[in-house]
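Using the working numbering, the letters of the first sequence map in sequence onto residues 24 to 287.
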Amino acid sequence: MPELPEVEIQRRLLDTATRGATLVKLERPDLARFEGDPADLVSHRVVSWGRRGKYLMADFGAWSLLSHLGMTGQWIVDAPTDRAHRRVVLRFDSGRSLTLIDPRRFGWTWIVASQELANHPRLVSLGLDPLAHTWTADNLREAVGPRRPALKNRLMDQKVVAGLGNIALSEIGWRARVHPHVPCRAVAPDAWQRLVEATQQHIDYVLDAEGGDEIVYLGYEGAVNPFRCYGRAGEPCPRCKATFTKGAIGGRATYRCPTCQPLD
DNA sequence: TGACCCCTGGCC
DNA sequence: GGCCAGGGGTCA
């Protein structure tokens, strides 16, 4: 699934493929969740591709394209026209193209004036970005706050931390040896630094595993499970050999090791 | 805080 | 043939 590391990989691929190129045509073969006027982008040049949390942002000068990939969205460089699930195609004067593939149509695409991008409703309230220099134990503890709800619920909230998803949070909880259901206000003082480092380790792991010309989402539909904890209920913990369990927090599947991640 | 919705493919 | 998965919005 496209969580932060997958989005970051795509940002790099898209930037390399289209920086400096001029958009000559925008086609919408089958796109529903779309806001804005495609004509605004045509004949403008790509300055760069950026990312905030799970959002991709293409800077076309006066206008910007904002893209959230939902669960199955994926931008592909120079995709063939018979590729399944094509939603949007951007064609450039360089002869290259970008195609948005999205089987489940959970992605969103917006065209907005660049001046207003920073205040876009989807971006304005985003929280800490784990790849930014502000990703520290102190900032994380402050952003989460001394609240009663489960830690995982807060970390899933993009207004608290921008970019972490359900898979990442099972992995991070296990790596940091923190119970996902611990109330935020009861998180041990030394756990925040472990959470910060575990997040970086998880992101690095995915970045390393998914580099390539075209991104393939780890563990997606039938692929071998590449994760240490997520999706491994009933299997032994690689650290202590206890059996991973599966529960639900906020309606989302949550995996943990009962020995490495005790509630106390 | 939980239920439900968007949608589709893989799995039992 | 039904259930489940996931991001994220909305509604009670």
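No residue lacks a Cβ here, since even glycine has one placed at the ideal position from N, Cα and C.
DSSP-derived helix/strand/coil call for residue i
i	result
Arg-208	helix
Met-80	strand
Ser-120	strand
Glu-31	helix
Trp-133	strand
Pro-259	strand
Val-147	coil
Neighbourhood of residue i by C-beta, 8 Å cutoff - its chain only, sequence neighbours within 5 removed
i	result
Gln-224	Arg-198
Arg-119	Ala-40, Thr-41, Ala-44, Val-100 and Asp-101
Phe-83	Leu-46, Leu-64, His-67, Arg-68, Val-69, Val-70 and Ser-137
His-204	Ala-173, Leu-174, Lys-175, Gly-270, Ile-272, Thr-277 and Leu-286
Rounded straight-line distance, which links the Cα of residue j to that of residue i
i	j	result
Val-247	Arg-217	28 Å
Met-179	Leu-140	23 Å
Thr-282	Trp-158	28 Å
Leu-146	Leu-163	19 Å
Ala-107	Pro-126	8 Å
Leu-49	Val-111	7 Å
Arg-208	Arg-171	6 Å
Contacting residues, own chain, Cβ-Cβ under 6 Å from residue i (five flanking each side not counted)
i	result
Gly-93	Phe-129 and Gly-130
Spatially closest choice to residue i from the options, by CA coordinates
i	options	result
Gly-257	Phe-250, Lys-269 and Pro-249	Lys-269
Lys-284	Leu-37, Cys-263 and Leu-88	Checking the sequence shown, residue 284 turns out to be Gln, not Lys. Considering only alpha carbons, the answer is Cys-263.
Val-167	Pro-52, Gly-196 and Pro-206	Pro-206
Thr-104	Arg-114, Arg-34 and Tyr-78	Arg-114
Anticipated Cβ contact below 8 Å, residue i with residue j, distance rounded
i	j	result
Gly-150	Leu-27	Contact doesn't hold; Cβ gap of about 12 Å is too wide.
Thr-132	Arg-56	7 Å
Cβ shell of residue i (< 7 Å), same chain only, five flanking positions each side left out
i	result
Val-219	Trp-158, Thr-159, Ala-160 and Leu-163
Trp-215	Ala-160, Leu-163 and Arg-164
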